[in-house]
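Dropping the structure here:
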């Protein structure tokens with residue numbers, strides 16, 4: 009046993025990542041470089057940190073929403089977020105997709121950290137409610153606690169743990185984006201394989217698992233980052249990647265119109281159905297009235313046939329003299 013143990017090394021603590029905002033002069037904006045639809049260079053982290061700040065706004069992006077795809081008014085809120093970034097940076101619309109993915113990533117990360125730091129399955133609901141973070145209002149925290157105890161999340165968590173255990177190639181690229189790794193490695197000419205080896209190779213130089221290259225699939229491009237589309241890399245669409253934003257907007261409008269037409273058609277069909285039902289009911293009622301009249305006439309006719317007919321003896325012949 010070491011009689012003079014060394015104190016643990018002091019952990020490096022980052023300063024306020026957004027301090028640069030206080031140094032900007034009125035009207036001044038931070039310059040950015042772009043590559044493959046993502047910000048790169050020395051100021052890339054600044055816009056990334058700002059995306060993190062926007063993601064932590066519980067008003068814009070509430071934390072009690074179970075999934076990012078369920079976020080209400082997401083498109084409008086993202087437009088507002090982009091406007092804020094445009095006031096700080098020399099912005100380009102080519103990184104809109106990157107911004108959304110980055111905000112989503114930071115929002116999801118914050119939720120995960122809150123669950124780890126403020127929620128304990130072994131504690132009672134009252135104890136967990138008392139551990140509500142300052143940036144979350146009580147009602148939303150209550151919703152988060154309910155979801156964290158749900159069977160749905162439990163199953164999702166178990167699947168995530170199982171997937172993590174199957175991971176055979178850990179990431180060694182640090183917090184630097186894969187796009188920046190690509191630029192530093194081969195001056196904007198890095199292949200996916202080169203960047204992948206750089207970021208998934210351990211410091212001691214061990215090679216990556218050979219299975220990794222075989223498992224590379226279309227969609228999210230391994231080796232260039234989750235915020236980069238296939239179209240930004242190759243100029244072509246992969247089998248499971250959506251078209252560009254303009255085409256998506258047109259498709260959304262067309263789908264919206266089709267849904268509206270479908271609603272109108274359903275309403276018209278419902279009106280026709282009710283009108284037809286009314287006509288059938290009226291015909292049925294008229295038919296019943298006709299049967300009643302026929303029955304009455306038959307009874308009347310049958311009654312007349314049953315009346316006695318007068319005989320010859322009923323006549324007084326003397327009256328004729």
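Residue numbers (our numbering): 9 to 329.
Where a beta carbon is used, it is the ideal one built from N, C-alpha and C, also for glycine.
Does the distance from the CB of residue i to the CB of residue j come in under 9 Å?
| i | j | result |
| --- | --- | --- |
| residue 156 | residue 123 | yes |
| residue 153 | residue 74 | no |
| residue 68 | residue 89 | yes |
| residue 140 | residue 146 | yes |
| residue 45 | residue 102 | yes |
| residue 86 | residue 104 | yes |
| residue 82 | residue 26 | no |
| residue 24 | residue 151 | no |
| residue 100 | residue 42 | yes |
| residue 165 | residue 110 | no |
| residue 121 | residue 128 | no |
For the beta strand (DSSP E) containing residue i, list its first residue and its last residue.
| i | result |
| --- | --- |
| residue 48 | 46-48 |
For residue i, I'd like the list of residues in its chain whose CB is within less than 8 Å of its CB, leaving aside the five on either flank, ordered along the chain.
| i | result |
| --- | --- |
| residue 98 | 37, 38, 39, 40 |
| residue 28 | 38, 54 |
| residue 66 | 143, 144, 145, 148 |
| residue 112 | 63, 76 |
| residue 171 | none |
| residue 174 | none |
When DSSP builds the beta bridges, which residues end up paired with residue i?
| i | result |
| --- | --- |
| residue 38 | 97 |
| residue 43 | 46 |
Tell me which same chain residues have a C-beta within less than 6 Å of the C-beta of residue i, skipping the five on either side of it?
| i | result |
| --- | --- |
| residue 78 | none |
| residue 159 | none |
| residue 115 | 63, 69 |
| residue 126 | 139, 141 |
| residue 278 | none |
Let's see if you can read the secondary structure: which residues bound the alpha helix (DSSP H) around residue i?
| i | result |
| --- | --- |
| residue 167 | 159-173 |
| residue 64 | No alpha helix (DSSP H) holds residue 64; DSSP gives it neither H nor E. |
| residue 29 | 28-31 |
Who are the Cβ neighbours of residue i in its own chain at under 7 Å, not counting the five residues just before and after it?
| i | result |
| --- | --- |
| residue 197 | Confidence is the limiting factor: at residue 197 the pLDDT is only 49, short of 50, which leaves the residue's position unreliable, though a coordinate-based value still follows. Closer than 7 Å at the Cβ level, and outside the excluded window around residue 197, lies no residue. |
| residue 70 | 148 |
| residue 309 | none |
| residue 92 | 62 |
| residue 108 | 86 |
(request) Can you check the segment 259-292 for any beta strand (DSSP E) of at least 3 residues that lies completely inside it and give the ranges in chain order? (result) none
(message) Threshold first: 4 residues or longer. Then list the alpha helix (DSSP H) segments lying entirely within the segment 102-151, N to C.
(response) 104-126, 133-138
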